[in-house]
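Enquirer:
There are 2 protein chains.
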Amino acid sequence: MKPADGFTLSCPIPIAEYPTVLLAHGGGGKLTRALIEHMFLPLFRNPQLEQLHDGAVLELAGTKLAFTTDSYVVHPLIFPGGDIGQLAVNGTVNDLAMCGARPLSLSASFIIEEGLPMETLWHIVQSMQHAAAAAGVAIVTGDTKVVDRGKGDGLFINTAGVGIVAPHVSIAPGNVRPGDVVLLSGDIGRHGIAIMAVREGLAFESVIESDCAPLAGLVAALLDAGIALHCLRDLTRGGLASALVEIAETAQVHIAVDERIIPVTDDVQGACEILGLDPLYVANEGRFVAFVAPADAGRALEIMQTHPPGAGAARIGSVAEDPAGLVTMTSKIGASRIVSLLSGEQLPRIC
Amino acid sequence: MKPADGFTLSCPIPIAEYPTVLLAHGGGGKLTRALIEHMFLPLFRNPQLEQLHDGAVLELAGTKLAFTTDSYVVHPLIFPGGDIGQLAVNGTVNDLAMCGARPLSLSASFIIEEGLPMETLWHIVQSMQHAAAAAGVAIVTGDTKVVDRGKGDGLFINTAGVGIVAPHVSIAPGNVRPGDVVLLSGDIGRHGIAIMAVREGLAFESVIESDCAPLAGLVAALLDAGIALHCLRDLTRGGLASALVEIAETAQVHIAVDERIIPVTDDVQGACEILGLDPLYVANEGRFVAFVAPADAGRALEIMQTHPPGAGAARIGSVAEDPAGLVTMTSKIGASRIVSLLSGEQLPRIC
Numbered sequence: 008m009k010p011a012d013g014f015t016l017s018c019p020i021p022i023a024e025y026p027t028v029l030l031a032h033g034g035g036g037k038l039t040r041a042l043i044e045h046m047f048l049p050l051f052r053n054p055q056l057e058q059l060h061d062g063a064v065l066e067l068a069g070t071k072l073a074f075t076t077d078s079y080v081v082h083p084l085i086f087p088g089g090d091i092g093q094l095a096v097n098g099t100v101n102d103l104a105m106c107g108a109r110p111l112s113l114s115a116s117f118i119i120e121e122g123l124p125m126e127t128l129w130h131i132v133q134s135m136q137h138a139a140a141a142a143g144v145a146i147v148t149g150d151t152k153v154v155d156r157g158k159g160d161g162l163f164i165n166t167a168g169v170g171i172v173a174p175h176v177s178i179a180p181g182n183v184r185p186g187d188v189v190l191l192s193g194d195i196g197r198h199g200i201a202i203m204a205v206r207e208g209l210a211f212e213s214v215i216e217s218d219c220a221p222l223a224g225l226v227a228a229l230l231d232a233g234i235a236l237h238c239l240r241d242l243t244r245g246g247l248a249s250a251l252v253e254i255a256e257t258a259q260v261h262i263a264v265d266e267r268i269i270p271v272t273d274d275v276q277g278a279c280e281i282l283g284l285d286p287l288y289v290a291n292e293g294r295f296v297a298f299v300a301p302a303d304a305g306r307a308l309e310i311m312q313t314h315p316p317g318a319g320a321a322r323i324g325s326v327a328e329d330p331a332g333l334v335t336m337t338s339k340i341g342a343s344r345i346v347s348l349l350s351g352e353q354l355p356r357i358c
Numbered sequence: 008m009k010p011a012d013g014f015t016l017s018c019p020i021p022i023a024e025y026p027t028v029l030l031a032h033g034g035g036g037k038l039t040r041a042l043i044e045h046m047f048l049p050l051f052r053n054p055q056l057e058q059l060h061d062g063a064v065l066e067l068a069g070t071k072l073a074f075t076t077d078s079y080v081v082h083p084l085i086f087p088g089g090d091i092g093q094l095a096v097n098g099t100v101n102d103l104a105m106c107g108a109r110p111l112s113l114s115a116s117f118i119i120e121e122g123l124p125m126e127t128l129w130h131i132v133q134s135m136q137h138a139a140a141a142a143g144v145a146i147v148t149g150d151t152k153v154v155d156r157g158k159g160d161g162l163f164i165n166t167a168g169v170g171i172v173a174p175h176v177s178i179a180p181g182n183v184r185p186g187d188v189v190l191l192s193g194d195i196g197r198h199g200i201a202i203m204a205v206r207e208g209l210a211f212e213s214v215i216e217s218d219c220a221p222l223a224g225l226v227a228a229l230l231d232a233g234i235a236l237h238c239l240r241d242l243t244r245g246g247l248a249s250a251l252v253e254i255a256e257t258a259q260v261h262i263a264v265d266e267r268i269i270p271v272t273d274d275v276q277g278a279c280e281i282l283g284l285d286p287l288y289v290a291n292e293g294r295f296v297a298f299v300a301p302a303d304a305g306r307a308l309e310i311m312q313t314h315p316p317g318a319g320a321a322r323i324g325s326v327a328e329d330p331a332g333l334v335t336m337t338s339k340i341g342a343s344r345i346v347s348l349l350s351g352e353q354l355p356r357i358c
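Protein chains in written order, with this note's numbering: chain F, 8 to 358; chain L, 8 to 358.
So, in structure tokens, the structure goes:
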């Protein structure tokens, strides 16, 4: 391909090493990070994007507006505990909540593969409406495209969302500071394992269901109580480990967590052992970490535990100054290890 | 598929007739309209969506915010006069402009097929940045997903956008009224023909280039001049004909246009004849119609003609009361005919 006029920059991803895009470039690990840091960020450079948060917060005529987007390509479309429609609504609602915003309106854009059963589409669209009603948001604008058979995979959905951030609220990775307490909203790994179990045809004693849930109500309760929230991050692709590493790197702090306190259900733990996965890296769709000022940590934990999606919340660690940019974890046998981003693809198309 | 609890509604699209989604459901014609009217609209029902406009206008703490989204699935990714990246930026900028908004920020979400050449991605991302800079918008948030080889088609891009609508501005199909003058911003059909020529391997004397362009500057000039704009609509999928039919139906007015005044270049006309297409239905990506109060029409036309994307603007018709919901056209031989939505798919994956 010949570059057009003015396209003089050479590709910032080493072509010799990565001549084409790999599945792992979308996995939420090191290669995704490389695309963002070397390709998107330098080119699109602006203060909102540089926050490297779940959404952008814009100042509009004195109002703080949160704006976020995600495309959903989960396979299969319908899985234990949810479907792509519910995921697409909750995922974007949660990204807004992670900015400290009250979600208001969503867009919904469908890329349908020719041949998708009409009743499947109908099921998923109904599911979106149920999820939107449950989260108190309206779907106000949309788009529908259809691609030829063999050029898609049933259905991809993009949702974007807007929400209002209260004037005094400022939640972003850059606000995390030494002394902060790390709270986790519940047990991890259920969404990823629910998907993998269906794909691999694994049957467990009880069906493992996705944790897919809207988190905006819980975040609003924390904000309403005046909790000093410094950063929130939902644990999607790449799981708890990737969320912590990204925040430690952006905030240039040391995050220390204790694996012995991180809740994982027995069935998820068992499934992870069978599948050779580490639950720390498995995707969730209804879990988040909160970085909270130490004085507020106890109260924040109580509030989380009284809300259904935070019933299993736990205090899993704290933030220190050095070594900056690093996440360490006390393992189950009491040893300390460094937690890093995965270099490969653990679970493709999990969301 | 077994419906989940609470999913008791039966599918509003007749399954016997349409057991699966067809390419034409995404073509911008009758079947797209049926999906929107029977499936999305009744389920998601809210005042913004019911406007059936290019975007939603939300009231936020005294500020009018326009919010819109589109997914782009154009094939091929790079074509004469543009590429999917430029299209994804201009398309959403234009949808905001059609709401009378000043575009501010975009999101960009990529669904990449494993195996896409890294340099193609780089070319397209650069093109997005060029287009964003030209339109004066920032890309503030995004997402990257990768799907397995054979489950996508190189690259799909979703952009959503937000913009500010001035307090006194109200532009929507429902505002069109009898007496309004219909202005068209330039010659039609170039985008669709540029794409089809590449796909079909047609060579013309000169290469036909897409008209892909940002329209927000031109719309801002009209608004700044105080022109009484009642409705704006860019002519994408389904072309001029579909835009007029949709507006006539929503506003319940009669729109009469004159084919003899509608600008079509000789090369586009010739290509349409070879391909068996009617330029009225061919997609554009840098053209719009404006419905303007008659007293302002002359001045509006002058302003349009002084801006590059409106250089070929023309006054193509007017609005009457009856027959409500109908578009009629005086043809080249002077006869009057009814213009309707296409029932099939004219040009799949044009945007």
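Beta carbons: idealized from backbone N, C-alpha and C, even for Gly.
In this text, all values refer to a predicted model and were calculated from it rather than measured experimentally.
Counting beta carbon pairs with one atom in the region 135-153 of chain L and one in the region 32-49 of chain F, are three or more of them shorter than 8 Å?
Expert: Flag = yes, the region 32-49 of chain F and the region 135-153 of chain L touch.
Enquirer: Which residues, taken in chain order from the region 144-159 of chain L, show a beta carbon closer than 8 Å to some beta carbon of chain F?
Expert: Against chain F - using a Cβ distance shorter than 8 Å - the residues of the region 144-159 of chain L are 145, 146, 147, 148, 149, 150, 151, 152, 153, 154, 155, 157, 158, 159.
Enquirer: Count the other CB atoms, across all protein chains shown, that sit within 10 Å of the CB of residue 211/F; report buried if there are 16 or more and exposed otherwise.
Expert: Residue 211/F sits at position 204 when you count from the first residue of the first sequence. Exposed, because fewer than 16 other Cβ atoms sit within 10 Å of the Cβ of residue 211/F.
Enquirer: Determine the direct distance from the alpha carbon of residue 34/L to that of residue 109/L, and round the result to whole angstroms.
Expert: Against the second sequence, residue 109/L aligns to sequence position 102. Against the second sequence, residue 34/L aligns to sequence position 27. In a straight line, the C-alpha of residue 109/L is about 28 Å away from that of residue 34/L.
Enquirer: Using a Cβ-Cβ distance under 8 Å, would residue 10/L count as near chain F?
Expert: Within the second sequence, residue 10/L is the residue found at index 3, counting from 1. Annotation note: pLDDT 42 at residue 10/L (below 50); position unreliable, coordinate value reported separately. It does; some Cβ of chain F falls within 8 Å.
Enquirer: For the beta strand (DSSP E) holding residue 166/F, just list the boundary residues, first then last.
Expert: Taking the first sequence and counting its residues from 1, one reaches residue 166/F at position 159. Run containing residue 166/F: 162-172, per the beta strand (DSSP E) assignment.
Enquirer: At 4 residues or longer, what runs of the alpha helix (DSSP H) sit wholly inside the region 16-86 of chain F?
Expert: List check, alpha helix (DSSP H) in window: 37-41, 48-51, 54-57.
Enquirer: According to DSSP, simplified to helix, strand and coil, what is residue 333/L?
Expert: Counted from its first residue, the second sequence places residue 333/L at position 326. It is coil, neither helix nor strand.
Enquirer: So the beta strand (DSSP E) residue 236/F belongs to, where does it begin and stop?
Expert: Counting from one through the first sequence, the residue named residue 236/F turns up at place 229. First-last of the beta strand (DSSP E) with residue 236/F: 236-241.
Enquirer: If you draw a straight line from the alpha carbon of residue 10/L to that of residue 126/F, how long is it in whole angstroms?
Expert: Working through the second sequence from its first residue, we reach residue 10/L at position 3. Working through the first sequence from its first residue, we reach residue 126/F at position 119. In this prediction, residue 10/L scores a pLDDT of 42, lower than 50, which makes its location untrustworthy; the coordinate-derived value is nonetheless stated afterwards. In a straight line, the C-alpha of residue 10/L is about 9 Å away from that of residue 126/F.
Enquirer: At the level of alpha carbons, what is the spacing between residue 8/F and residue 152/F?
Expert: Locating residue 8/F in the first sequence gives position 1, where the first residue counts as 1. Locating residue 152/F in the first sequence gives position 145, where the first residue counts as 1. For residue 8/F, the pLDDT reaches just 38, beneath the cut-off of 50, and the residue's location in the model is therefore unreliable, although a value from the coordinates is still provided. Those two C-alpha atoms are separated by around 27 Å.
Enquirer: For the ligand GTP, is there a heavy atom less than 7 Å away from the beta-carbon of residue 111/F?
Expert: With respect to the ligand GTP, the structure shown offers nothing to examine, as it has no ligands at all.
Enquirer: Would you identify the three-state DSSP class for residue 254/L, choosing helix, strand or coil?
Expert: On the second sequence, residue 254/L is found 247 positions in, with the first residue counted as 1. Reduced to three states, the DSSP call for residue 254/L is helix.
Enquirer: For the region 80-107 of chain L, which residues have a CB atom closer than 9 Å to at least one CB atom of chain F, in sequence order?
Expert: Residues passing the 9 Å Cβ filter: 80, 82, 85, 90, 102.
Enquirer: So which residues on chain L does residue 121/F lean against when the C-beta distance must stay under 8 Å?
Expert: Against the first sequence, residue 121/F aligns to sequence position 114. The answer, in chain order, is 27, 28, 29, 30.
Enquirer: Note down, in chain order, all residues in the region 44-65 of chain F with a beta-carbon under 7 Å from any beta-carbon belonging to chain L.
Expert: Residues passing the 7 Å Cβ filter: 46, 47, 50, 51, 53, 55, 56, 62, 63, 65.
Enquirer: Quick one, which of 181/L, 58/L, 133/L has its alpha-carbon nearest residue 260/L's?
Expert: Taking the first residue of the second sequence as 1, we reach residue 260/L at position 253. Of 181/L, 58/L, 133/L, the residue nearest in Cα terms is 181/L.
Enquirer: Chain F beta carbons: is any one of them nearer than 8 Å to that of residue 360/L?
Expert: The requested residue 360/L is not part of the displayed model; chain L covers only 8 to 358.
Enquirer: Taking the beta carbon of residue 90/L as the centre, do at least 16 other beta carbons fall within 10 Å, making it buried, or is it exposed?
Expert: Looking up residue 90/L in the second sequence gives position 83. That one is buried.
Enquirer: For the region 290-312 of chain L, enumerate the residues whose C-beta is nearer than 9 Å to any C-beta of chain F, in chain order.
Expert: Answer set for the region 290-312 of chain L: empty.
Enquirer: Less than 8 Å separating the beta-carbons of residue 114/L and residue 295/F?
Expert: Within the second sequence, residue 114/L is the residue found at index 107, counting from 1. Within the first sequence, residue 295/F is the residue found at index 288, counting from 1. Cβ atoms of residue 114/L and residue 295/F: not closer than 8 Å.
Enquirer: CB-CB under 7 Å to residue 248/L, same chain, minus the five flanking residues each way: which ones, in chain order?
Expert: As a position in the second sequence, residue 248/L is number 241, starting the count at 1. Contacts found: 287, 288, 346.
Enquirer: Give me the Cα-Cα distance between residue 170/F and residue 220/F, rounded to the nearest whole angstrom.
Expert: By one-based count along the first sequence, residue 170/F stands at place 163. By one-based count along the first sequence, residue 220/F stands at place 213. Their Cα atoms are separated by approximately 18 Å.
Enquirer: Return yes when the Cβ of residue 243/L is within less than 8 Å of the Cβ of residue 165/L, no when it is not.
Expert: Working through the second sequence from its first residue, we reach residue 165/L at position 158. Working through the second sequence from its first residue, we reach residue 243/L at position 236. It is not a contact, given that the beta carbons lie outside the stated cut-off.
Enquirer: Can you tell me whether residue 158/L is buried or exposed, with buried defined as 16 or more other CB within 10 angstroms of its CB?
Expert: In the second sequence, the residue the question calls residue 158/L occupies position 151. Residue 158/L should be labelled buried.
Enquirer: For chain L, check one thing: does any of its Cβ atoms lie closer than 8 Å to the Cβ of residue 178/F?
Expert: The sequence position of residue 178/F within the first sequence is 171, counting from 1. Not one chain L Cβ lies under 8 Å of residue 178/F.
Enquirer: Considering just the uninterrupted stretch of the alpha helix (DSSP H) at residue 131/F, what are its terminal residues?
Expert: Sequence index remark: in the first sequence, residue 131/F carries index 124 (1-based). Counting along the chain, the alpha helix (DSSP H) containing residue 131/F begins and ends at 125-142.
Enquirer: Between residue 304/L and the rest of its own chain, which residues show a CB-CB distance below 6 Å, the 5 nearest in sequence each way excluded?
Expert: For the purposes of this step, residue 304/L is taken as the residue at position 297 of the second sequence. Same-chain partners within the cutoff: 188.
Enquirer: For residue 68/L and chain F, any beta-carbon pair shorter than 8 Å?
Expert: Counting from 1 along the second sequence, the entry for residue 68/L is found at position 61. Yes, because at least one Cβ of chain F sits closer than 8 Å to the Cβ of residue 68/L.
Enquirer: If you follow the alpha helix (DSSP H) that residue 272/L is part of, which residue opens it and which one closes it?
Expert: Taking the second sequence and counting its residues from 1, one reaches residue 272/L at position 265. Counting along the chain, residue 272/L falls outside any alpha helix (DSSP H), and DSSP gives it neither H nor E.
Enquirer: Can you list, in chain order, the residues of the region 262-293 of chain F whose Cβ is nearer than 8 Å to any Cβ on chain L?
Expert: Taking 8 Å as the Cβ-Cβ cut-off against chain L, none of the residues of the region 262-293 of chain F qualify.
Enquirer: So residue 108/L is in the beta strand (DSSP E); what residue range does that whole segment cover?
Expert: In the second sequence, residue 108/L corresponds to position 101, counting from 1. Here the beta strand (DSSP E) through residue 108/L covers 108-120.
Enquirer: Keeping to the same chain, check which residues put their C-beta closer than 6 Å to that of residue 191/L; ignore five residues upstream and five downstream.
Expert: Here residue 191/L is taken as the residue at index 184 of the second sequence, counted from 1. Here the set comprises 296, 321, 323.
Enquirer: Applying the criterion that 16 or more other CB atoms from any shown protein chain within 10 Å of the CB defines a buried residue, is residue 16/L buried or exposed?
Expert: Taking the second sequence and counting its residues from 1, one reaches residue 16/L at position 9. Exposed.
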